[in-house]
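Our numbering numbers the first residue of the sequence shown as 9 and each following residue consecutively.
This report concerns only the one structure given below.
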Amino acid sequence: MLVQEALEEHGIDGELIVLTDGESAIQFIRSLDAQRMACPDLVILDLNLPKKPGREVLKCVRQSVACGLAPVVILSSSDAPADLAETTQLGASRYIRKPSRLVEFMKLGAIFKTMLSASD
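Following this line, the structure appears as structure tokens:
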């Protein structure tokens, strides 16, 4: 919900697709490929997802015909250098540590807006 609020605060309109676990996300990506549908303009991904970790979802995104070039933002509570290095190697466009303060979280909307503008 905070991501949605950050997007709205920065005037970003569009459909927000929320998938609550890694397995659902991978199935979603595969269904886009199978149905030859377009990928979302921006993927915001948490590393610590239930069922399948975010790293597996990121690998699936990068191997996808539909989503292989989509910008992927890792939004994680982890500040471990190994997580940053691994996700960069796997093709993440950006790694952002989740802010602990609401006002800082809302500023993420500006980053997402910039990334969406760059992908147009």
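Cβ atoms here follow ideal geometry from the backbone N, Cα and C, with glycine treated the same way.
| request: Taking only the alpha-carbon atoms, compute the straight-line gap between A78 and P107 and give it to the nearest angstrom. | output: 24 Å
| L131 to Q12, Cα distance in whole Å? | Outside the displayed range of the chain (9 to 128) lies residue 131, so it cannot be described from this structure.
| task | Decide if G76 is buried, meaning its Cβ has at least 16 other Cβ atoms within 10 Å, or exposed. | result | exposed
| Should G30 be labelled buried (16 or more other beta-carbon atoms within 10 Å of its own) or exposed? | buried
| Mind checking whether I34 and V65 have CB atoms under 7 Å apart? | Cβ distance < 7 Å, so I34 and V65 count as in contact.
| task | Would you kindly work out how many angstroms separate the C-alpha atoms of T28 and L10, rounded to a whole number? | result | 14 Å
| query | Got a sec? Which residues, its chain only, sit under 6 Å from D41 by beta carbon, not counting five neighbours each side? | reply | S72, V73 and A74
| field | Straight-line gap, S86 to R105 (C-alpha atoms, nearest Å) | value | 6 Å
| task | Write down the C-beta distance between I20 and F120 rounded to the nearest angstrom, noting that I regard them as a contact closer than 8 Å. | result | About 6 Å separates the two Cβ atoms, so the contact holds.
| Under 7 Å, do M123 and L50 count as touching if we go by C-beta distance? | yes
| field | Closest by C-alpha distance to L57, when choosing among R70, C47, S84 and P48 | value | S84
| field | Boundaries (first-last residue) of the alpha helix (DSSP H) holding S85 | value | Run containing S85: none; DSSP gives neither H nor E here.
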